[in-house]
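So the sequence shown is numbered by UniProt numbering: it starts at 1 and just counts up by one.
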Amino acid sequence: MKCFPFFFKSPRGNVTFVLNSNLMNWTDAQRYCRQHYTDLASVRNLSENAQIRKQITAPAWIGLYKSTWKWSNGPFFMYNYWQVLEPDGGDEKCTAANFANSGRWMDLAYHDATFVYVSNTMSWTAAQSYCREHHTDLASVRNPMENEKIKQLIPSGQSAWIGLYRDSWKWVDGTKPSITNWRTGEPSGLRENCAAASMEDGKWEDWDCTVLFYPKINMVHFKYAF
């Protein structure tokens, strides 16, 4: 899915929209847009939506997210252009616009995570920086199936960093763990504030963040249909 930070003048002349051609998830798109521009696009009327559609030939993230549906730059949205049967609920809390066809909006969630194993040892902090620079982030494990995927990728006798760290234990994307897979006796406390997954059984262990392990990167892909 493509980031849609700001690219052309609106009819009122006070908004410029830019399309970024790098694929990223909604959260990364928002972060990128805020760092390089202002924010993901807030579409305020049908005229803006139509003009954006003329400039874009693929689905693109916009700034609408589910917190009673509001724009990422703050205000509750008054104008909407949902596709038929959208939003359809569930855990789909981000919005993409189908600018390749109708220009209408759909709610999406990021599912179908693909994990990448990197064969360089590094500390947890260095691993996080590497993953964010070259991919998305250290892996956040949402369910037992994802944990099994990770286990299968780790070479025999090795462990790999995952995105869990001690701040009351949360993932690098700020969410609290929906599942845990700690080994018996873990987390063991002290100054071991980062988590690694073991190849042997996929169990998690807390470690000193400066220990050198392999990073496990979470590559997020999206499923959508028009």
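Quick reminder that beta carbons are idealized off the backbone N, C-alpha and C, glycines included. Quick caveat: nothing in here was measured; it's all calculated off a predicted structure.
Run through the DSSP bridge pairs and tell me what residue i is partnered with.
{"i": "Ser159", "result": "Ser198"}
{"i": "Leu164", "result": "Trp171"}
{"i": "Met122", "result": "Phe213"}
{"i": "Glu205", "result": "Ala196"}
{"i": "Lys127", "result": "Looking at the sequence itself, residue 127 is Ala, so the reference to Lys does not match. Its beta-bridge partners do not exist; DSSP assigns none."}
{"i": "Ala41", "result": "The partner list for Ala41 (beta bridge, DSSP) is empty, contrary to what the question assumes."}
{"i": "Ala50", "result": "The partner list for Ala50 (beta bridge, DSSP) is empty, contrary to what the question assumes."}
Can you list, in chain order, the residues of its chain with a C-beta nearer than 7 Å to that of residue i? Leave out the 5 residues immediately preceding and following it.
{"i": "Glu186", "result": "Trp204, Glu205, Asp206"}
{"i": "Lys176", "result": "Lys170"}
{"i": "Thr210", "result": "Ser123"}
{"i": "Asp208", "result": "Arg191, Glu192"}
{"i": "Leu153", "result": "Phe115, Tyr117"}
{"i": "Ser188", "result": "Asp206"}
{"i": "Pro75", "result": "Caution is warranted here: a pLDDT of 47 is assigned to Pro75, below 50, making its placement in the model unreliable, and the coordinate value is therefore given only provisionally. Nothing meets the Cβ criterion."}
{"i": "Gln35", "result": "none"}
So, for residue i: in the same chain, excluding its five sequence neighbours on each side, which residues have a beta-carbon less than 6 Å away from its beta-carbon?
{"i": "Thr184", "result": "none"}
{"i": "Gln128", "result": "Leu138"}
{"i": "Arg166", "result": "Asn193"}
{"i": "Lys54", "result": "none"}
Kindly give me the distance between the Cβ atoms of residue i and residue j, rounded to whole angstroms, as I take these residues to be in contact under 8 Å.
{"i": "Ser140", "j": "Val172", "result": "7 Å"}
{"i": "Lys151", "j": "Phe115", "result": "In fact, because the Cβ distance is near 10 Å, the residues do not count as touching under 8 Å."}
{"i": "Ala196", "j": "Ala160", "result": "6 Å"}
{"i": "Gly163", "j": "Asn181", "result": "Actually they do not touch by this definition, with Cβ atoms about 13 Å apart."}
{"i": "Thr121", "j": "Leu212", "result": "4 Å"}
Output needed for residue i: all residues of its chain with C-beta closer than 8 Å, excluding positions within five of it in sequence on either side, in chain order.
{"i": "Asn143", "result": "Ser178, Ile179"}
{"i": "Ala174", "result": "Reading off the sequence shown, one finds Gly at residue 174, where the question assumed Ala. None."}
I'd like to know if residue i contacts chain B, where contact means its C-beta is closer than 8 Å to some C-beta of that chain.
{"i": "Pro177", "result": "Here chain B cannot be found, since the structure has a single protein chain."}
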